[in-house]
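Novice:
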Amino acid sequence: MKKNSEINGFKQTEIGAIPKDWDIANFKECVDKESISRDIKIPRGKYNKAGKYPIIDQGAEFIAGYTDDKDKLYLGSLPVIVFGDHTRIFKFVDFPFSVGADGTKLIQPKDFLYPKFLFYYLRGLSIESKGYNRHYKYLKEKIIAFPLQRTEQQKISSVLSKIQQTIEQQDKIIQITKELKKSLMNKLFTEGLHGEAQKETGIGLMPKRWDVKKISQFAKVKYGKQKPKIVGPIPVVGSSGIYAGCKDALINFPTLIVGRKGTAGAVHLFLEPCWPSDTTFYLEWISDEVKPKFLYYYMLTHLLSGEHAKTTMPSLQRQDLEGYAFPFPSEKEQTEIADIVDKVNKKLSQAEARKQTLQSLFKTMLNQLMTGRIRVKDLDFEEAIR
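Sequential numbering from 18 applies to the sequence shown in the working numbering.
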């Protein structure tokens, strides 16, 4: 442990000011077991989709796969902190598991540190290697600050866990909403809104009253143009979406922009002025019988592809877009269907915005709690996450 001078309730240390009832220690002083030997790790090619024992590695997925090989089961102390030597990802694991892939490091804190406190503290560190992707070397050079009272470490961990759990719940809401949207759109485009009898067509089932039409019957397929040099507020749209801004608009009417090269077939709806780039097509309407938003939502569920093109890069052909067939209900029903999908999109946007707010809160609280700028005894975290 290192000695420090006290100033106004805080003491200055080599990593900055911390509360006077906290201490610091080198990473090596904080850890009992730093890593696990290579010989019991499971190579990525041996992962299964199902099995008795979960595999934890350094990848983004919390559980990377499964195995039935009991000999590969980690039998050390739990909980343990998993660190990715290449990815810099931390995971807190409190159940039996198998270790996967080279570069997966296991960290076991000493008794004076509450394991989940150390986990969150490590997550707040900046760990950057200098031109090489082995990061554990730099992690071991870090200094850890911590409350001397283990109960305060536990309370800090509890606050951060509560926020993290709320983020995970929000993730589930987002995933469920996305699945609902996908199922709903499929139902709307095959059954319509009135439960009427269906017919089989070249593009699948649809209500008997609907027709099948092609884009060329309602719009001209136009090539986008090279991005202007003068920067401005008008969005420049490429195959993957907006990537720049320009001063003037190429088009001033609602349109669909479709990727021609690169992300060929990707479709984007623009209701305001924009500039489709030279890697895209856009639609110039010759009829107002098709509602752009209705066609856009249908195309999202039936994407065109440029994979068949005889080029090194996927490339959508103009005739493919002109000949694109889609269901054609009345204008009223097109609008009603688009409105229903809009409502689901609104709920999805709200859920994603709440998740971003919670992630910002977590980042702020992580910094403030781990430096003692906010003390748990002064915090009403139930109110903070409402």
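Here a beta-carbon is modelled for each residue, glycine too, at the ideal position from N, C-alpha and C.
Output the distance between the C-alpha atoms of Leu210 and Val361, rounded to the nearest integer angstrom.
Specialist: 16 Å
Novice: Ser256 to Gln170, Cα distance in whole Å?
Specialist: 49 Å
Novice: Counting C-beta neighbours from all protein chains within 10 Å, is the total for Leu156 16 or more, i.e. buried, or is it exposed?
Specialist: buried
Novice: Quick one: give me the first and last residue of the alpha helix (DSSP H) that Leu197 is part of.
Specialist: 167-208
Novice: In angstroms, rounded to a whole number, what distance separates the CA positions of Ile73 and Val116?
Specialist: Going by the C-alpha atoms only, they are around 5 Å apart.
Novice: Compute the Euclidean distance between the alpha carbons of Asp119 and Asp49, then round it to the nearest angstrom.
Specialist: Looking at the backbone, the Cα of Asp119 and that of Asp49 are separated by about 21 Å.
Novice: Put Asp86 into one of helix, strand or coil per three-state DSSP.
Specialist: coil
Novice: Out of curiosity, what's the CA-to-CA distance linking Glu289 and Ile193?
Specialist: Rounded to whole angstroms, Glu289 to Ile193 spans 30 Å at the Cα level.
Novice: Between the C-alpha atoms of Cys263 and Asp359, what's the straight-line distance to the nearest angstrom?
Specialist: Rounded to the nearest angstrom, the gap between the Cα atoms of Cys263 and Asp359 is 28 Å.
Novice: Can you tell me which of the three DSSP states Phe341 falls into?
Specialist: It is Tyr, not Phe, that sits at residue 341 in the sequence shown. In this structure, Tyr341 counts as coil in the three-state DSSP scheme.
Novice: Could you check what DSSP says for Phe298 in three-state terms: helix, strand or coil?
Specialist: strand
Novice: To the nearest angstrom, how far is the alpha carbon of Ala266 from that of Thr104?
Specialist: 42 Å
Novice: Can you name, in chain order, every residue of its own chain whose Cβ lies under 6 Å from the Cβ of Arg167, other than the five neighbours on each side?
Specialist: Tyr131
Novice: Jot down the residue ranges of each uninterrupted beta strand (DSSP E) in the region 79-133, minimum 3 residues, whole runs only, in chain order.
Specialist: 82-84, 97-101, 107-110, 121-126
Novice: Which value, in whole angstroms, describes the spacing of the CA atoms of Ala261 and Met316?
Specialist: 24 Å
Novice: For Lys278, collect the residues of the same chain with a Cβ closer than 7 Å to its Cβ; drop the 5 residues on either side in sequence, then sort them by chain order.
Specialist: In chain order, Ser256, Thr296, Met330, Ser332 place their CB closer than 7 Å to the CB of Lys278, counting only its own chain and leaving out the 5 sequence neighbours on each side.
Novice: Measure the C-alpha to C-alpha separation of Leu321 and Lys364 and round it to an integer number of angstroms.
Specialist: 27 Å
Novice: Give the C-beta separation of Glu306 and Glu348 to the nearest angstrom, bearing in mind that I take them to be a contact with Cβ-Cβ under 8 Å.
Specialist: Confirmed, Cβ separation roughly 6 Å.
Novice: Taking only the alpha-carbon atoms, compute the straight-line gap between Phe134 and Lys195 and give it to the nearest angstrom.
Specialist: 34 Å
Novice: Note down, in chain order, each residue of its chain lying with its Cβ closer than 8 Å to the Cβ of Leu201, except the 5 sequence neighbours on either side.
Specialist: When the five nearest sequence neighbours on each side are left out, the beta carbons in the same chain lying within less than 8 Å of the beta carbon of Leu201 are those of Ile357, Val358, Val361, in order along the chain.
Novice: If I measure Cβ to Cβ from Thr388 and keep anything under 6 Å in the same chain, skipping five residues before and after, which residues do I get?
Specialist: none
Novice: What's the call for Arg390, buried or exposed, on a 16-neighbour Cβ count within 10 Å?
Specialist: exposed
Novice: Suppose you measure from the CA of Ser294 to the CA of Glu158; what does that come to, to the nearest Å?
Specialist: 48 Å
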